[in-house]
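Asker:
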């Protein structure tokens with residue numbers, strides 16, 4: 001993108017003077033899953049935007065500790081939005097290419113303790129424990 005593309009607005013990344021490899025970033029828009037220790041749905045209503053890792057890598061190994069280092073300052077950054085459309089509008093305004101990852105919805109099957117005692121016309125199942 002260099003600002004000459006047809007459209008209603010110029011991307012903010014073009015006007016900022018950022019390097020070209022940082023202007024054309026791909027972002028992922030998704031709704032994060034709840035952690036395994038949560039049973040409620042409290043923080044699961046917001047949408048998050050993450051930046052993909054750069055193609056060139058910009059990674060090296062620290063010789064002293066052996067840790068992986070990176071020159072990509074957007075690698076561990078994420079933004080939260082109230083709605084999916086807010087995140088898409090922000091990505092369009094910044095000139096980012098994006099893809100939306102729809103969340104997997106939980107299917108809750110209603111259960112009742114009384115169903116254990118329903119009559120069925122089949123033979124009884126005998127369970128021998130010893």
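In UniProt numbering, the protein residues as written are 1 to 130.
Think of the CB as a built atom: it goes at the ideal place given N, C-alpha and C, for glycine as much as any other residue.
Since the structure is predicted, the reported quantities are computational estimates derived from the model, not experimental observations.
1. By DSSP, does residue 50 sit in helix, in strand, or in coil?
2. Opposite residue 79 in the DSSP bridges: which residues?
3. Give a yes or no on whether the C-beta atoms belonging to residue 74 and residue 25 are separated by under 9 Å.
4. For residue 34, which residues in the same chain have their Cβ closer than 6 Å to its Cβ, ignoring the five residues on either side in sequence?
5. Are residue 84 and residue 28 closer than 9 Å when you measure CB to CB?
6. Return the residue from the list 62, 63 and 87 that minimises the CA-CA distance to residue 49.
7. Where does residue 1 fall in DSSP's three states?
8. Could you check if residue 107 belongs to the surroundings of the ligand MN, using beta carbon to heavy atom distance under 8 Å?
9. Would you kindly work out how many angstroms separate the C-alpha atoms of residue 59 and residue 79, rounded to a whole number?
10. Run through DSSP, which three-state label would residue 94 get?
11. Got a sec, what are the start and stop residues for the beta strand (DSSP E) residue 27 sits in?
12. Rounded to a whole number of angstroms, what is the C-alpha to C-alpha distance between residue 39 and residue 63?
13. Any idea if residue 71 is buried or exposed, counting beta-carbon neighbours within 10 angstroms, 16 or more meaning buried?
Answerer: Short version:
1. Looking up residue 50 in the chain shown gives position 50. Residue 50 falls in the strand class under three-state DSSP.
2. Indexing the chain shown from 1 puts residue 79 at position 79. For residue 79, which the question treats as bridged, DSSP gives the partners 49.
3. What you label residue 74 is simply residue 74 of the chain shown in a count that begins at 1. What you label residue 25 is simply residue 25 of the chain shown in a count that begins at 1. Judged by beta-carbon spacing, residue 25 lies within the 9 Å limit of residue 74, meaning their Cβ atoms are closer than that value.
4. In the chain shown, the residue the question calls residue 34 occupies position 34. Excluding sequence neighbours, residue 34 sits near 44.
5. As a first step, residue 84 must be located in the chain shown, where it is residue number 84. As a first step, residue 28 must be located in the chain shown, where it is residue number 28. With a cutoff of 9 Å on beta-carbon distance, residue 84 and residue 28 are scored as not near each other.
6. Here residue 49 corresponds to residue number 49 of the chain shown, with the count starting at 1. Nearest option by C-alpha distance: 87.
7. Position 1 of the chain shown, counting from 1, holds the residue named residue 1. With a pLDDT of 49 at residue 1, under the threshold of 50, the predicted position of this residue should be treated as unreliable, and no value is reported.
8. Absence of the ligand MN is noted for the structure shown, with no ligands found whatsoever.
9. Reading the chain shown from its first residue, position 59 is the one you call residue 59. Reading the chain shown from its first residue, position 79 is the one you call residue 79. C-alpha of residue 59 to C-alpha of residue 79: approximately 23 Å in a straight line.
10. The residue given as residue 94 occupies position 94 in the chain shown. Collapsing the DSSP output to three states places residue 94 in a helix.
11. For the purposes of this step, residue 27 is identified with residue 27 of the chain shown, where counting begins at 1. Start and end: 26–30.
12. To locate residue 39, count along the chain shown from 1; it is residue 39. To locate residue 63, count along the chain shown from 1; it is residue 63. Residue 39 and residue 63 have their C-alpha atoms roughly 42 Å apart.
13. Position 71 of the chain shown, counted from the first residue, corresponds to residue 71. By the neighbour-count rule (16 or more Cβ atoms within 10 Å), residue 71 is not buried but exposed.
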